[in-house]
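For the record, the sequence lines run as chains D and B. UniProt numbering puts the first residue of the first sequence at 1, with every later residue one more than the last. UniProt numbering puts the first residue of the second sequence at 1, with every later residue one more than the last. Written out below as structure tokens is the structure these notes cover.
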Amino acid sequence: MKRSMSVFNMTTLTLGLAFLYLPMLLLMVYSFNASRLVTVWAGFSTQWYGELLRNQQFLDAAWVTLRVAVVSSTLATVLGTMAAWVLVRERRFLGRTLFSGMIYAPLVMPEVITGLSLLLLFIAIGLDRGILTIILAHTTFAMCYVSVVVSSRLVTFDRSLEEAALDLGCSPMQAFGHVTLPIIAPAVVSGWLLAFTLSLDDLVIASFTSGPSSTTLPIKIFSSMRLGVSPEINALSTILISIVAVGVVVAALVSKRQIARRETEEREGLT
Amino acid sequence: MESKPAPAPFAPWEDAAAHPLIRFEGVTKRFGDFTAVSDLNLKIYPREFFALLGPSGCGKTTLMRMLAGFETPTEGTIWLDGQNIAPVPPNKRPVNMMFQSYALFPHLSVWDNIAFGLRRAGKDKETVRARVEEMLRLTRLDQFARRKPHQISGGQRQRVALARSLALGPKLLLLDEPLGALDKKLRQDTQFELMDIQEKTGTTFVIVTHDQEEAMTVASRVAVMDAGRLCQVDTPQHIYETPNSRYVADFIGEVSIIEGRVAALGEEAEIAYAEGARPIVTRTGGAALEPGQSVFYAIRPEKIWVGAAPHPDRINSVEGTIVDIGYLGDVSTYHVRLDTGQMVKALMTNAERYAASRFTWNDRVWLSWSRHAGVVLAS
Chain D
1 MKRSMSVFNM
11 TTLTLGLAFL
21 YLPMLLLMVY
31 SFNASRLVTV
41 WAGFSTQWYG
51 ELLRNQQFLD
61 AAWVTLRVAV
71 VSSTLATVLG
81 TMAAWVLVRE
91 RRFLGRTLFS
101 GMIYAPLVMP
111 EVITGLSLLL
121 LFIAIGLDRG
131 ILTIILAHTT
141 FAMCYVSVVV
151 SSRLVTFDRS
161 LEEAALDLGC
171 SPMQAFGHVT
181 LPIIAPAVVS
191 GWLLAFTLSL
201 DDLVIASFTS
211 GPSSTTLPIK
221 IFSSMRLGVS
231 PEINALSTIL
241 ISIVAVGVVV
251 AALVSKRQIA
261 RRETEEREGL
271 T
Chain B
1 MESKPAPAPF
11 APWEDAAAHP
21 LIRFEGVTKR
31 FGDFTAVSDL
41 NLKIYPREFF
51 ALLGPSGCGK
61 TTLMRMLAGF
71 ETPTEGTIWL
81 DGQNIAPVPP
91 NKRPVNMMFQ
101 SYALFPHLSV
111 WDNIAFGLRR
121 AGKDKETVRA
131 RVEEMLRLTR
141 LDQFARRKPH
151 QISGGQRQRV
161 ALARSLALGP
171 KLLLLDEPLG
181 ALDKKLRQDT
191 QFELMDIQEK
201 TGTTFVIVTH
211 DQEEAMTVAS
221 RVAVMDAGRL
231 CQVDTPQHIY
241 ETPNSRYVAD
251 FIGEVSIIEG
261 RVAALGEEAE
271 IAYAEGARPI
281 VTRTGGAALE
291 PGQSVFYAIR
301 PEKIWVGAAP
311 HPDRINSVEG
321 TIVDIGYLGD
331 VSTYHVRLDT
341 GQMVKALMTN
351 AERYAASRFT
361 WNDRVWLSWS
371 RHAGVVLAS
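So this is what it looks like as structure tokens:
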């Protein structure tokens, strides 16, 4: 087999990668710029990272974002899993079609509309905008994504496993806890991660539903951008990119190791 | 010296005083417009190995799922040990099931799979351990206890499923096509293993299968089902030798069916099947027949002798031409067209080497059989 790539393949690959990552690379490089001017390189420095850590506003926003993301993705996972369960398991009930349509509608709904309608609702019921309203809003739109991920797993789930659990003395709840949940856990976890990242980078819905006391990081970044690009933002983005990159690499390594382990186990099982 | 009397054969269904473990009383199950089981009455006795046999869609699986508690009868009652089980949910029934797909919990080891039911029942650690180990020994799985289901072979998985469903010591074990996923050789070995385990544990087994050989091998009684109804419930031998309908005769084993009419009726009947041909002489086996009634005469291929001349000791002999020969080594099947047009299958054992080359295609042969060889069926 020829090991070296053809010139054509090499070029496409380079151009493709450049298209995807050059902007981010540029941003990361400039986060180490000594100059306050974003477009002028004045030598290497980590001063903006220091500034960032001393910037209480950014730290507060980051803390709000993290809390919102953890709580809303957890709630969305619980609700989304329940919805998926009902949709996959109960083949017939009154209003099933309507329910399933409504579960998936927010996936295609423009975020602006979701945000606006939630804002109107919160005003109507007199709920002060703050962390709570952002959490509720994020839970609402993230649970559809969770429900899509979990129901695609449940569809291929062998129903007789649950029947076996019932047959062996489990109540329906116990069967879910002891058998179904452990088996669909990977889908539930990836649903949670999806909800978490969606919440983490949501700007539109959060800006409708946040109050003055509860600015999330995306809102903070966006609003400081209007005052001009600061190297601090570059530093913050670099940190975010690194966190995401580490997360992705770790997740990939873990799943790769799991596959490898399963394969060796199967090989051993055959002997 | 007098020899000991042989132990009475196991046949509680012939004993009017015996209490059935399961009684179906007028059970009907409908799914929307489709009737899966229709007005079914059946008794199954303790320690029986009972087989439900039929083509797919005949209602045998529905029947089993009603016993397990996953379906409830639309009409009628199912009694288990004198108790109406309709309101009892599956997790409260003294019934366990072995699933067709085995339904082993993939996230648990073999050991934990077997212990699953015992733990749910709240048994203490020591009891669970002892029982699981007993089950592992019974199914010869000792060295696989720590493996996960995906690390063992199909045959081993089948045994784990069996051990798991037996661990709770159910009154009744349901087996849904338990050997369907195994290859032929393994299936045969496992059939005997199943019978062995059933004898050792004394549990009542109800097995659902579409494989007639399997049903015949393992079961004490076989129920042949078609379209939600029981066609015949009897021992394998009776099902094979005295089927009560063309459907049963045809479903179990090979058979040739000749349409005819009762020409004479005495202790023996004569069945006229073609203009000018000598009627078939047969014992009626107690079937209620009337002269002139149109009937079906069913005969198994192995009951027919194939020769160059009529067999001197057999009352029925007809001449025909060999159309087809199936050589299987131990036996050969001959498809013979009678001069009157009917096709009849005959089976000859190849007791001597090259015995099969006695006859070839288009040879004229005589088929001979005795008065006991076939059965007369009204439907």
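Just so it is clear, CB atoms sit at the ideal spot from N, CA and C, and this is done for glycine as well.
Assigned secondary structure, residue i (DSSP; H/G/I helix, E/B strand, else coil)
i: W361(B); result: coil
i: S368(B); result: strand
i: F141(D); result: helix
i: residue 290(D); result: With chain D represented from 1 up to 271, any question about residue 290(D) goes unanswered, as that position is not in the structure.
i: T133(D); result: helix
i: T271(D); result: Note on T271(D): pLDDT 42, under 50, position unreliable in the model; the coordinate value appears next. T271(D): coil per DSSP, three-state reduction.
i: V38(D); result: coil
i: R30(B); result: strand
i: Y354(B); result: coil
i: T201(B); result: helix
i: I271(B); result: strand
i: M1(B); result: Bear in mind that the predicted position of M1(B) carries a pLDDT of just 45, short of 50, making it too unreliable to give a figure here.
i: E319(B); result: strand
i: D176(B); result: strand
i: H335(B); result: strand
i: M348(B); result: strand
i: W13(B); result: helix
i: E134(B); result: helix
i: P377(B); result: Position check: residue 377(B) holds Leu in this sequence, whereas Pro was assumed. DSSP places L377(B) in strand when its eight states are reduced to three.
i: I125(D); result: coil
i: M1(D); result: Confidence is the limiting factor: at M1(D) the pLDDT is only 49, short of 50, which leaves the residue's position unreliable, though a coordinate-based value still follows. Reduced to three states, the DSSP call for M1(D) is coil.
i: F58(D); result: helix
i: R261(B); result: strand
i: T14(D); result: helix
i: S294(B); result: strand
i: M343(B); result: strand
Cβ shell of residue i (< 7 Å), same chain only, five flanking positions each side left out
i: E162(D); result: A175, V179 and T180
i: S224(D); result: S230 and I233
i: F122(D); result: R129, T133 and T209
Close Cβ partners of residue i (< 8 Å) along its chain, the five nearest in sequence each way excluded
i: L53(D); result: L59
i: L270(D); result: Low local confidence applies: a pLDDT of 49 at L270(D) is under 50, so the model's placement there is unreliable, and no value is given.
8 Å Cβ cutoff met for residue i and residue j
i: T209(D); j: G115(D); result: yes
i: F24(B); j: G59(B); result: no
i: V95(B); j: A121(B); result: no
i: V295(B); j: G260(B); result: yes
i: L118(B); j: A167(B); result: yes
i: Y240(B); j: A161(B); result: no
i: L367(B); j: V344(B); result: yes
i: R246(B); j: T235(B); result: no
i: A223(B); j: L21(B); result: no
i: G374(B); j: I299(B); result: yes
i: R157(B); j: S38(B); result: no
i: residue 406(B); j: K171(B); result: Past the boundaries of the shown model lies residue 406(B); chain B is included only from 1 to 379, so the question cannot be answered.
i: I134(D); j: A206(D); result: yes
i: Q191(B); j: L179(B); result: yes
i: I219(D); j: L203(D); result: yes
i: C144(D); j: I183(D); result: no
i: A142(D); j: S73(D); result: yes
i: T74(B); j: T28(B); result: yes
i: D149(B); j: P106(B); result: Per the sequence presented here, residue 149(B) reads as Pro, with Asp not at that position. For P149(B) and P106(B), yes; Cβs fall inside 8 Å.
i: A308(B); j: A378(B); result: no
6 Å CB neighbourhood of residue i in its chain, flanking five on each side removed
i: I197(B); result: none
i: A274(B); result: T340
i: V206(B); result: F50 and L174
(request) Can you give me, in chain order, the residues of the stretch 173-184 of chain D that have a beta carbon less than 9 Å from any beta carbon in chain A? (result) Here chain A cannot be found, since the structure's protein chains are D and B.
(message) At 3 residues or longer, what runs of the beta strand (DSSP E) sit wholly inside the stretch 37-125 of chain B?
(response) DSSP runs (the beta strand (DSSP E)) wholly in the stretch 37-125 of chain B: 49-53, 75-80 and 95-98.
(request) Determine contact between the stretch 297-304 of chain B and the stretch 318-328 of chain B, defined as no fewer than three beta-carbon pairs at a distance below 8 Å. (result) Flag = no, the stretch 297-304 of chain B and the stretch 318-328 of chain B do not touch.
(message) Which runs of the beta strand (DSSP E) at least 3 residues long sit entirely within the stretch 208-255 of chain D? Give them in chain order.
(response) Correct list: empty.
(request) Could I get the ranges of all uninterrupted alpha helix (DSSP H) runs contained in the stretch 212-259 of chain B, with 4 residues as the minimum, in chain order? (result) Listed in chain order, the complete alpha helix (DSSP H) runs (minimum 4 residues) inside the stretch 212-259 of chain B are 212-218, 236-241 and 246-251.
(message) Tell me whether the stretch 146-158 of chain D and the stretch 69-86 of chain D touch, counting them as touching only if at least three CB pairs, one residue from each stretch, are closer than 8 Å.
(response) Yes, they touch.
(request) Answer yes if the stretch 358-365 of chain B comes into contact with the stretch 271-283 of chain B, meaning at least three C-beta pairs across the two stretches below 8 Å, and no otherwise. (result) No, because fewer than three Cβ pairs between the stretch 271-283 of chain B and the stretch 358-365 of chain B fall closer than 8 Å, the two stretches do not touch.
(message) Count Cβ pairs between the stretch 225-241 of chain D and the stretch 23-43 of chain D that sit closer than 8 Å; are there 3 or more?
(response) When C-beta atoms of the stretch 225-241 of chain D are compared with those of the stretch 23-43 of chain D, three or more pairs fall below 8 Å, so the two segments count as touching.
(request) Decide yes or no for the touch test of the stretch 194-201 of chain D against the stretch 62-80 of chain D: beta carbon pairs closer than 8 Å, at least 3 of them. (result) Using a C-beta cut-off of 8 Å, the stretch 194-201 of chain D makes contact with the stretch 62-80 of chain D, since at least three inter-stretch Cβ pairs fall below that distance.
(request) For the stretch 128-145 of chain B and the stretch 183-198 of chain D, state whether three or more C-beta atom pairs, one from each stretch, are separated by less than 8 Å. (result) The stretch 128-145 of chain B, when compared against the stretch 183-198 of chain D, does not touch it at the 8 Å Cβ threshold.
(request) Report yes or no: do three or more beta-carbon pairs, one from the stretch 260-269 of chain B and one from the stretch 334-350 of chain B, lie closer than 8 Å? (result) Taking 8 Å as the limit for Cβ pairs, the verdict is that the stretch 334-350 of chain B does not touch the stretch 260-269 of chain B.
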